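Trainee: Numbering (the working numbering), first residue to last: 96 to 637. All residues carry an ideal CB built from backbone N, CA and C; glycine is no exception. No experiment lies behind these values; they were computed from the predicted model shown. First the structure, then my questions, so here it is.
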């Protein structure tokens, strides 16, 4: 007879999740972790059943973005884990804390190429911050605590835990550990003083804001810092939610299709401050920046990222939120900031176009939802209108992949709506992007996530078509796609769906869709747009 204080490894695993404050897990069920599913049955944790593991992992990654705590995804071995790898890659590139719990073959079968066996270390070792494969039940409590500590420490990211099927039912007396404390990322007094000295001496500084370790409090401190120090703020690719776009010190996003005047300002700045971000490929404009001789301050939570891509005059290892809260830099650069702000206002003004395109959609969202809407998207040229023209107003009202992953928008919207059921959540997706995870619309319906999905249909993989037109003019190939009636996918699930082909049809259709979501019913609008208008700045030839 088992001792009264013994529990199965699965029960300890789930209690560990509860102890770490996990409220929701995303999964696709599998027989390799039936014990964990059974333990979740009696848990306080909400289990969201996705349709494909890639979608489940993206939902968990979005949960991590929305909370700052690790999102959790549970998958089976082999094909389940490989499907989920798309979401693990997003978490790695986006610096998002995430825990993946995956079933594995029984211990006695390891190394024999058993049914759906996979080498987790080989597959995920280059993506995840750590990969654990449990060997007995006594390890579970310690590994789970380590996983949460690693996922949130330094540069946040994903951690993979594989649990063999027979370990799931093995018993242990090792109980779940206490909640892992928030990492101490305080900036040293010496770095703080050096930072203030450099900033006070600069005439044309610019601050590029990014990263994933911000909080409501540090976002408020960032705003106060910008006003006190007299500096302009630009957000790097898909981190636009970090600064209210109506704030007088916000001067635009530094991502794909950057405002030429903003790029010129960065090239001519006498001090570039990388606040929580890195000069990776997109912010550096394919590693063309910073310009030779530029003075750079790099503030990042992970010492391993300092000096990794570029050299900086001052490297500060610590939380950017702590730095802006404690900084006492002061300056009056109102004319300089006003010029950059004016350039942003002109650049982000919606064009008056004759054809039906995303400009009309952005205008309708602004008129209808104002500033209280969460916007999600995946990858594709349609997102260029969002980045350039939509005004993000609140912290974490943008949930999008810096990794550029297609298919991300819908899973992210499901997670966002479950996290914020009283707010409007709009997913923008291209026709190709949507079809990579369109099955997760069923997850939205089943989970009661009343999202509004806007499918932008130009019958092509538009970004690749654009690149073909540039590099191989007149030789487009493999970029056209034949699409279904997307609205009928929604109505087949019992949700709201409508096809829209003109600007005149858009406003009433959008109102009906939004009314449906506010009544608790998911909705989908199928927008058939002009395929020639491929981006905000480019029209394809006839």
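Taking all protein chains shown into account, do 16 or more other C-beta atoms lie within 10 angstroms of the C-beta of residue 627, making it buried, or fewer, making it exposed?
Mentor: For the purposes of this step, residue 627 is identified with residue 532 of the chain shown, where counting begins at 1. Per the 10 Å Cβ criterion, exposed.
Trainee: Check each candidate in 625, 617, 285, 585 and name the one with the smallest Cα separation from residue 597.
Mentor: Stepping through the chain shown from its first residue, residue 597 is reached at position 502. Residue 597 has its Cα closest to that of 625, out of 625, 617, 285, 585.
Trainee: Which value, in whole angstroms, describes the spacing of the CA atoms of residue 286 and residue 248?
Mentor: Within the chain shown, the letter at position 191 stands for residue 286. Within the chain shown, the letter at position 153 stands for residue 248. Going by the C-alpha atoms only, they are around 20 Å apart.
Trainee: For residue 245, count neighbouring C-beta atoms within 10 Å of its own C-beta (all shown protein chains included) and say buried if the count is 16 or more, exposed if not.
Mentor: Locating residue 245 in the chain shown gives position 150, where the first residue counts as 1. Its Cβ being crowded by 16 or more others within 10 Å, residue 245 is buried.
Trainee: Within 8 Å, do at least three Cβ pairs link the stretch 225-235 to the stretch 255-269?
Mentor: Yes, the stretch 255-269 is in contact with the stretch 225-235.
Trainee: In this structure, how does DSSP classify residue 374 when only helix, strand and coil are distinguished?
Mentor: Residue mapping note: residue 374 aligns to position 279 of the chain shown, counting from 1. Residue 374: coil per DSSP, three-state reduction.
Trainee: Grab me the residues of residue 422's own chain with a C-beta within less than 7 Å of its C-beta, minus the 5 sequence neighbours each way, in chain order.
Mentor: In the chain shown, counting from the first residue as 1, residue 422 sits at position 327. Closer than 7 Å at Cβ, skipping near neighbours: 287, 290, 291, 320, 324.
Trainee: Tell me whether the beta-carbon of residue 122 lies closer than 8 Å to the beta-carbon of residue 200.
Mentor: One-based indexing of the chain shown puts residue 122 at position 27. One-based indexing of the chain shown puts residue 200 at position 105. No, these two residues do not count as a Cβ contact at 8 Å.
Trainee: Measure how close the beta-carbons of residue 440 and residue 344 come, nearest whole angstrom, since I'm counting them as under 8 Å.
Mentor: Counting from 1 along the chain shown, the entry for residue 440 is found at position 345. Counting from 1 along the chain shown, the entry for residue 344 is found at position 249. Residue 440 to residue 344, Cβ: 13 Å. No contact.
Trainee: In terms of residue numbering, what span does the alpha helix (DSSP H) encompassing residue 482 cover?
Mentor: Reading the chain shown from its first residue, position 387 is the one you call residue 482. Per DSSP, residue 482 belongs to the alpha helix (DSSP H) from 478-484.
Trainee: Return the chain-ordered list of same chain residues with a C-beta closer than 8 Å to the C-beta of residue 621, the five sequence neighbours on each side being excluded.
Mentor: Sequence index remark: in the chain shown, residue 621 carries index 526 (1-based). Cβ neighbours of residue 621 beyond the five flanking positions: 550, 552, 580, 581, 582, 592, 593, 594, 595.
Trainee: Could you pull the start and end residues of the beta strand (DSSP E) that residue 398 belongs to?
Mentor: The residue labelled residue 398 in the question sits at position 303 within the chain shown. That residue, residue 398, is in no beta strand (DSSP E); it is neither H nor E in DSSP.
Trainee: DSSP three-state call for residue 286: helix, strand or coil?
Mentor: Taking the chain shown and counting its residues from 1, the one referred to as residue 286 is at position 191. Helix at residue 286.
Trainee: Assign residue 382 to one of three DSSP states: helix, strand, or coil.
Mentor: Against the chain shown, residue 382 aligns to sequence position 287. Reduced to three states, the DSSP call for residue 382 is coil.
Trainee: Less than 8 Å separating the beta-carbons of residue 105 and residue 130?
Mentor: On the chain shown, residue 105 is found 10 positions in, with the first residue counted as 1. On the chain shown, residue 130 is found 35 positions in, with the first residue counted as 1. Against a cut-off of 8 Å, the Cβ pair of residue 130 and residue 105 comes out as a contact.
Trainee: Taking only runs of the alpha helix (DSSP H) that begin and end inside the stretch 208-246, which ones reach a length of at least 4 residues, in chain order?
Mentor: DSSP runs (the alpha helix (DSSP H)) wholly in the stretch 208-246: 215-219.
Trainee: Taking the alpha carbon of residue 75 as the reference point, which residue from 485, 335, 386 has its own alpha carbon closest?
Mentor: Limits of the chain in this structure are 96 at one end and 637 at the other, which puts residue 75 out of reach.
Trainee: For residue 466, which of 479, 476, 493 has the nearest alpha-carbon?
Mentor: Within the chain shown, residue 466 is the residue found at index 371, counting from 1. Of the listed residues, the one whose Cα sits closest to residue 466 is 493.
Trainee: Check residue 501 in the structure and name its three-state DSSP category.
Mentor: Mapped onto the chain shown, residue 501 falls at position 406. Coil at residue 501, not helix or strand.
Trainee: Keeping to the same chain, check which residues put their C-beta closer than 6 Å to that of residue 339; ignore five residues upstream and five downstream.
Mentor: Position 244 of the chain shown, counted from the first residue, corresponds to residue 339. Excluding sequence neighbours, residue 339 sits near 488.
Trainee: Tell me, which residues are paired with residue 137 by DSSP?
Mentor: Counting from one through the chain shown, the residue named residue 137 turns up at place 42. Paired residue(s): none; residue 137 is not in a bridge.
Trainee: Sort 212, 377, 520, 535 by Cα distance to residue 613 and report the nearest one.
Mentor: Sequence index remark: in the chain shown, residue 613 carries index 518 (1-based). Minimum Cα distance to residue 613 is reached at 520.
Trainee: Measuring CB to CB, does residue 477 end up less than 8 Å from residue 426?
Mentor: Here residue 477 refers to the residue found at position 382 of the chain shown. Here residue 426 refers to the residue found at position 331 of the chain shown. Cβ distance not < 8 Å, so residue 477 and residue 426 don't count as in contact.
Trainee: Output needed for residue 588: all residues of its chain with C-beta closer than 8 Å, excluding positions within five of it in sequence on either side, in chain order.
Mentor: Working through the chain shown from its first residue, we reach residue 588 at position 493. For residue 588, where only same-chain residues beyond five positions count, the Cβ hits under 8 Å are 536, 537, 540, 617.
Trainee: How big is the Cα-Cα spacing for residue 43 and residue 225?
Mentor: Outside the shown range of the chain (96 to 637) lies residue 43, about which nothing can therefore be said.
Trainee: Taking all protein chains shown into account, do 16 or more other C-beta atoms lie within 10 angstroms of the C-beta of residue 472, making it buried, or fewer, making it exposed?
Mentor: For the purposes of this step, residue 472 is identified with residue 377 of the chain shown, where counting begins at 1. Residue 472 should be labelled buried.
Trainee: Tell me whether residue 630 sits in a helix, a strand or coil according to DSSP, three-state version.
Mentor: The residue labelled residue 630 in the question sits at position 535 within the chain shown. Residue state, collapsed to three classes: strand.
Trainee: Just list the alpha helix (DSSP H) runs in the stretch 331-368, keeping only unbroken ones of 4 residues or longer that don't cross its boundaries, in chain order.
Mentor: The stretch 331-368 contains these whole alpha helix (DSSP H) runs: 355-363.
Trainee: Which same chain residues end up closer than 7 Å to residue 638 when comparing Cβ atoms and leaving out the 5 residues on each side of it in sequence?
Mentor: For the chain, the structure presents residues 96 to 637; residue 638 sits outside this window and is missing.
Trainee: In chain order, what residues of the same chain have a beta carbon less than 7 Å from the beta carbon of residue 464, not counting five sequence neighbours either side?
Mentor: Against the chain shown, residue 464 aligns to sequence position 369. Cβ within range, chain order: 519.
Trainee: Can you list the alpha helix (DSSP H) stretches of 4 or more residues lying completely in the stretch 406-446, in chain order?
Mentor: Entirely contained in the stretch 406-446, the alpha helix (DSSP H) runs reaching 4 residues are, in chain order, 415-421, 429-442.
Trainee: Alpha carbons only, please: which of 116, 395, 221 is nearest the one belonging to residue 186?
Mentor: Start at 1 with the first residue of the chain shown, and residue 186 comes out as number 91. Checking every option, the nearest Cα to that of residue 186 belongs to 221.
Trainee: So is residue 223 buried or exposed if we call it buried at 16+ other beta carbons inside 10 Å?
Mentor: Along the chain shown, read from residue 1 onward, the residue named residue 223 stands at position 128. That one is buried.
Trainee: Would residue 161 and residue 140 be called neighbours here (beta carbons separated by less than 8 Å)?
Mentor: Against the chain shown, residue 161 aligns to sequence position 66. Against the chain shown, residue 140 aligns to sequence position 45. Taking 8 Å as the Cβ cut-off, residue 161 and residue 140 do not qualify as a contacting pair.
Trainee: Helix, strand or coil, according to DSSP, for residue 275 in the structure here?
Mentor: In the chain shown, residue 275 corresponds to position 180, counting from 1. Residue 275: coil per DSSP, three-state reduction.
Trainee: Verify the contact flag: residue 540, CB atom, against every heavy atom of the ligand GTP, threshold strictly below 7 Å.
Mentor: Absent from the structure shown: the ligand GTP. Ligands present: none.
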